[in-house]
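Residue numbers (our numbering), protein chains in the order written: chain A, 1374 to 1592; chain B, 185 to 538; chain C, 2 to 251. Notes to accompany the following structure.
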Amino acid sequence: MTISSEILGPILLSLRVSALSTLIVVPLAVGIAWVLARTANHGKSLLISLVNLPLVLPPVVTGYLLLDVLGRRGPLGGLGLAFTWWAAVAAAVVVSVPLAVWTTRVALEGVDPALENAARVLGRNEWQVFAEVTVPLARRGIAGGAVLAFARSLGEFGATIVVAGMTAGETLTIPSAVFLYMQDDSMGSAARALVWISAGISFAALLLVNATAWSAARR
Amino acid sequence: MERGASVIDAEFVWQAGDFALRVRLQSTARWTAVFGPSGCGKTTLLDCLSGLRTPAKGHIRLGGQTVFDASRNVPTRDRKIGYVTQNGDLFPHLDVRRNLTFGMREDTFDEVTRLLEIAPLVDRMPAHLSGGERQRVALGRALLSRPSLLLLDEPLSALDAPLRRRVMAYVAEVKARYETPCVYVTHNQEEVLTLADHVVFLDRGAVVGEGPPSQVLTAPGAARLGAIVDNVLRLPVLDSDAAEGITRVDLGEGQPLVVPYQGRRQPGDVLHLCIRAQDVIFARGATGEVSARNVVESRVVELVEEGHEVYVRVRCQGGAMLWGHITPAALHRMGLTVATDVSVLVKTQAVVVL
Amino acid sequence: MTLRALPLLAVLLLWAAGCAKQPTTPSVHVLAAASLSSLLQDVSAHFTDPRLVCQFAASSEVRRQVEQGAAADLIILADVRAMDSLEQAGQVRPGSRQDLFGNILVLVTPPDQSSKVNKLEDLPYAERIAIGEPETVPLGAYTKQSLLALDLWDALRGRLIYGKDARVVASWVRRGEVDAGIVYGSDAAHLRRVARIPSSTHAPIVYPAAIARHATNPDGAARLLAFLASSSGRDLTRAHGLAPFQSGPE
């Protein structure tokens, strides 16, 4: 392994995993937030608890639960996803969903109901009201949820090492690489480089979202 | 629509916490005003008519069709209602054109935008509209959805007085041009007098009375009127005379009304005008030379006495209706009654062009 | 007013009680590799004077903590290199270093007999094999040495999945996610032991121990080392799958 592949490999892999995870999480969060807005109370608390589970479980436990589903003996074992980068994506999705759902839900509920009513009066059904009025007006909050999901996916470690392993190029994400490199004196500088680069990526993502919000406000 | 056809036949109860709305309302009038103080339940009434809220029991029939009863609750989107709120509630993420066409059922875009004079605004975003422009666009959006019933919830309340009159003139134009019945919620008497065919009085969740629009002047709890009643008119230009400093508009069927010179105006251009009721002078019998340029023959159609105020409504030659404000003494001295012929005198300078 | 102050008072009292001088039972502070946690918990039940206070982490982490001044009397690691650097940094008392335990590598398969791997030679027929990460985790490093020596490394390379430590590898084997795995002998409980990896194929797996230079209770540390060398100490060690060393302190 050359120096650059030790650093570049995990970065590229983490970016791919986090990007795909975010692409999956955002529509999932919007859908879940919509269901939560429409469900009666008893159904709602069940769904909320399920969605928030990864927040309260230790990440390693989440990893083993994922392995129960995606592993050889699990219901989805036939797909052969465990120990592939798909498993890393799955781990990232599962831990990011609670954050994204929370942010998205706040954004959707912040939309003025008078505007949704105006759309109803003008002939739209509930799904159209949601898609044409509520979601566009909540897009800034939804984007914030996407950034949170991306950052959380980048930092996902505990579940990933259990359900995906630590294979370089396939499942050795930045946090896993940092963990490994820290154990070896000769890899100290590589570890340090990865830590700073991943912090830089998250920082850039945050800047990007804030910049778009700022320019939208100026218009 | 045929005269006498039922516009609204509603009897229902709506409840939330301590507040209950009990409505019994049957109207065949084309434009029904709902008049009452804030908190009386006017908006809730409209929400129940439009289906945004569901009453606990009762029935609602709009234009003969049942939209709500024990066995049926037609969803809002199928009730074909046009709703204009106090703030307009335009979609902030869509430009004016997309707002207008949001619920458009027939392509009457050009006609509506011309009527409301909003065509130059179509590419703007709602945030860049003034209050008056916003309400006109909201009205246009409602009209373009070809509703069977218009619900206007204090559409002019958020506008200041001069702007309110300007926009009211547009609303009057809409009423004149379209057959669509309307329920118009307001706590402003001027709007009732100008726009309504019938008034329903609402107070603390119950209907406490109904009657002709002039009844709003004597309504229990009505504010002291003084000189609040004004005549708001939208009339086309006939011609102008710069040397004389006048412009003449058509009061109806060619009957001219002389107003202050408005610069280069083409015949047919429409002006918004206001004549205060207290500036309307009545004369009976032959009038000699008068200093006012406007002397119009008319006939008394309504008299309203409230304490020390008397309001006289006349139909002028040409069809325009005007309110005048006189003292009880003048009323008795002149012996005015309904169907009396009188001359209406208005000074040119008393006509305010909005 | 007094009612509102009540919870505050309660908190203050509890805090003061916590800060009150503990009865001074002497204690020995042990920083040890995570893989020794079950053994040392057991030892602390038998060795009560002085009582044991143990903290567990990966060997590299323990080394870092000691370098940064963490309080310790006795240090026991699973990685020889880590102890070497502590020694070089002068963090241990000279002459106190000794090799405490030994371990072996074993080939294990899921306990339910579902795997086709029944001997070392069957490994090439396995679809998926779990080992420790070979570049940085000690378990993985020993495993790679063995597989290279046995000429199996290249053949198996594409089918290996790497775990963060022996615990994760063992969990994968136990759940049947893999057909076979290689773990320490001390971690093979609840798994099917198929074969012992010959010790000649890898560097000796030893757990070096040393008394910390800045130990506050070096005598206690020495007494613990003596206990571990005693017959009851050795019995406990064997019970946890580790091999006790014959020699006493140097």
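Ideal Cβ placement from N, Cα and C applies to all residues, glycine included.
{"Check": "A577(B) vs Y495(B) beta-carbon contact at 8 angstroms", "Outcome": "It is not possible to answer for residue 577(B), since the shown part of chain B is limited to 185 through 538."}
{"Check": "Coil, strand or helix - D291(B) by DSSP", "Outcome": "coil"}
{"Check": "Buried/exposed call for S1418(A), threshold 16 Cβ in 10 Å", "Outcome": "exposed"}
{"Check": "N-terminal and C-terminal residue of the alpha helix (DSSP H) that A311(B) is part of", "Outcome": "First-last for A311(B): undefined, no H or E at that position."}
{"Check": "Inter-residue Cα distance where the pair is L32(C) and P95(C)", "Outcome": "18 angstroms"}
{"Check": "Under 8 angstroms between C-beta atoms of L506(B) and N415(B)", "Outcome": "yes"}
{"Check": "Nonlocal neighbours in the same chain, by C-beta distance under 7 angstroms from R1478(A), ignoring five residues either side", "Outcome": "A1406, L1409"}
{"Check": "Residue-chain proximity (R517(B), chain A), Cβ-Cβ < 8 angstroms", "Outcome": "no"}
{"Check": "Below-8 angstroms beta-carbon distance, V1434(A) vs any chain C residue", "Outcome": "no"}
{"Check": "C-alpha distance - D85(C) paired with I77(C), whole-angstrom precision", "Outcome": "12 angstroms"}
{"Check": "Cβ of R1445(A) within 8 angstroms of any chain C Cβ", "Outcome": "yes"}
{"Check": "Interface flag, L1481(A) vs chain B, CB-CB below 8 angstroms", "Outcome": "no"}
{"Check": "Helix, strand or coil at L1381(A) according to DSSP, with G and I counted as helix", "Outcome": "helix"}
{"Check": "Members of the segment 1492–1517 of chain A that neighbour chain B once the beta carbon cut-off is set at 8 angstroms", "Outcome": "A1492, R1493, V1494, L1495, G1496, R1497, N1498, V1506, P1509, L1510"}
{"Check": "Beta-bridge partners of P444(B), as assigned by DSSP", "Outcome": "I430(B)"}
{"Check": "Short CB-CB distance (under 8 angstroms) between L1488(A) and chain B", "Outcome": "yes"}
{"Check": "Per-residue burial, R497(B) [other beta carbons within 10 Å of its own, 16 or more giving buried]", "Outcome": "buried"}
{"Check": "Whole-angstrom distance between R261(B) and R289(B), CA atom to CA atom", "Outcome": "13 angstroms"}
{"Check": "For I183(C), the nearest candidate out of F228(C), A90(C), I130(C) (CA to CA)", "Outcome": "I130(C)"}
{"Check": "Pairwise C-alpha distance: G1531(A) and T1457(A)", "Outcome": "16 angstroms"}
{"Check": "Beta-ladder partner(s) of Q249(B), from DSSP", "Outcome": "L246(B)"}
{"Check": "Per-residue DSSP class, three states only, for F1576(A)", "Outcome": "helix"}
{"Check": "Under 8 angstroms between C-beta atoms of L1481(A) and A1511(A)", "Outcome": "yes"}
{"Check": "For W173(C), the residue or residues it bridges with in DSSP", "Outcome": "DSSP lists no partner for W173(C)."}
{"Check": "Interface residues of chain A facing T297(B) [CB-CB closer than 8 angstroms]", "Outcome": "Result: empty, since nearest Cβ-Cβ is about 17 angstroms, beyond 8 angstroms."}
{"Check": "Residues that Q56(C) bridges to, as DSSP identifies them", "Outcome": "L32(C)"}
{"Check": "Distance between A1577(A) and L1521(A) (C-alpha atoms, nearest Å)", "Outcome": "12 angstroms"}
{"Check": "Chain-ordered residues of the segment 224–244 of chain B with a beta carbon less than 9 angstroms from chain A", "Outcome": "D231, S234, G235, L236"}
{"Check": "Beta-carbon neighbours of A59(C), restricted to chain A and to distances below 7 angstroms", "Outcome": "Q1556"}
{"Check": "Assigned secondary structure, R325(B) (DSSP; H/G/I helix, E/B strand, else coil)", "Outcome": "helix"}
{"Check": "CB contact below 8 angstroms: V535(B) versus chain A", "Outcome": "no"}
{"Check": "Neighbour-count burial assignment, L15(C), 16 or more Cβ in a 10 Å radius", "Outcome": "exposed"}
{"Check": "Strand pairing of K117(C), partner residues [DSSP]", "Outcome": "Per DSSP, none; premise fails for K117(C)."}
{"Check": "Within-8 angstroms CB hit, F1456(A) to chain C", "Outcome": "yes"}
{"Check": "Chain A within 8 angstroms of F385(B), Cβ atoms only", "Outcome": "no"}
{"Check": "Between the CA atoms of S60(C) and S1575(A) - distance to the nearest angstrom", "Outcome": "30 angstroms"}
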